[in-house]
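Everything in the sequence shown is counted per my numbering, starting at 190 for the first residue and increasing by one.
Quick reminder that beta carbons are idealized off the backbone N, C-alpha and C, glycines included.
Small disclaimer: the values here were computed from a predicted structure and weren't measured.
Here the structure is laid out as structure tokens; the discussion comes afterwards.
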Amino acid sequence: MNNCCGGCKRGLCAKDISIFSSLDSSELTEIIEKMNHKRVNKNDVIFLEGEKAQTLYFLNVGKIKIYKYTKDGKEQILHILSEGDFFGELNLLKESKYRFNAKAIEESKICMLSKENFKEILLYKPEIAIKILEIMGERLSDVESLAQNLATNDIDARIAFLLKELSDKYGKNNEGNLVINLHLTREDMASYVGITRETISRKLKKFEEEGIIKIVGTKKIIIIDNEKLEEYI
């Protein structure tokens, strides 16, 4: 298998993954040679909760949502992952099953490393394990913040939390405003904060009327008044 990752955007697909930031080109090449690579279409399921955990995934291009189902069968999004993120790592160090689902929300390219190869890498590069623990801690903190947000009955606060989360992670500065250009459907946004599609559409319109955001088409939201947005949280 060559270093070009079967058509991935970057020549060395692992070089922009944070956990591999300390490795040199030869070490990256060695890791990439252990990887498999594939392209997934929008709405393709990467894995389902309950399946045997055997693989660490790296997102080279695209967006992936990590989600679970509530007791009443509703989808609850936990994370939206983008280029450079990795997932599946929580269950790789012992025999176990995935505790969440992963699905592409746009056409994506992913790289895959087996559990066995991942363990070998950790043995000779323990600093990677430290990086993973740091990122896992950040993700657990994000889930705790999400849980606190979902516990409130204030729907405006939930939506403000979502917009703030998306703008912090994916917002691009454009003439002083933050532009969120993310392929999230209204259904995805609704499932992130535990409300209906109709409710989030109505509330986004309210935020627009208040001059907090500007909605451009169905895929772009511009944060115009960040301070006013934070007042809702």
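Bridge-paired residues (DSSP) for residue i
i, result
"I384", "DSSP lists no partner for I384."
"I412", "L367 and I402"
"K292", "V234 and K254"
Simplified DSSP assignment, three categories, for residue i
i, result
"L371", "coil"
"I319", "helix"
"N362", "strand"
"I299", "strand"
"I324", "helix"
"D343", "coil"
"I206", "coil"
"E420", "helix"
"K440", "What is shown of the chain runs 190 to 422, which leaves residue 440 out entirely."
"C194", "At C194 the pLDDT is 48, less than 50, meaning the model places this residue with poor confidence and gives no usable figure here."
"R199", "Here R199 scores only 47 on pLDDT, less than 50, and its place in the model should not be relied on; the value that follows carries that caveat. Looking at R199 - three-state DSSP - the assignment turns out to be coil, as it is neither helix nor strand."
Anticipated Cβ contact below 8 Å, residue i with residue j, distance rounded
i, j, result
"K292", "N362", "The pair is not a contact, with the Cβ atoms about 29 Å apart (cut-off 8 Å)."
"I299", "K227", "6 Å"
"I221", "V229", "About 19 Å separates the two Cβ atoms, so there is no contact after all."
"N249", "E272", "7 Å"
"I208", "K358", "The pair is not a contact, with the Cβ atoms about 18 Å apart (cut-off 8 Å)."
"I402", "I412", "6 Å"
"F275", "I206", "6 Å"
"E295", "K252", "5 Å"
"I384", "I344", "6 Å"
"K241", "L302", "With a Cβ gap of about 16 Å, K241 and L302 do not count as contacting."
"A346", "Y421", "5 Å"
"R386", "E376", "5 Å"
Contact with chain B by residue i, beta-carbon distance below 8 Å
i, result
"E284", "The question asks about chain B, but that chain is absent: this structure has only one protein chain."
Check your understanding: Mind pulling the alpha helix (DSSP H) runs of 4 or more residues that sit fully within the stretch 212 to 288?
Key -> 214 to 221
Check your understanding: Are the stretch 344 to 352 and the stretch 284 to 294 touching by the rule of at least three beta carbon pairs closer than 8 Å?
Key -> no
Point to revise | Three-pair Cβ contact test at 8 Å for the stretch 314 to 330 versus the stretch 357 to 371 | key: no
Practice item. Determine, using beta-carbon pairs with one atom in the stretch 212 to 221 and one in the stretch 260 to 275, whether at least three such pairs fall under 8 Å. Key: no
Practice item. State whether the stretch 266 to 280 contacts the stretch 388 to 402, with contact taken as three or more CB pairs (one from each stretch) at a distance under 8 Å. Key: no
Practice item. Would you be able to state if there are at least three C-beta pairs under 8 Å between the stretch 302 to 314 and the stretch 239 to 258? Key: yes
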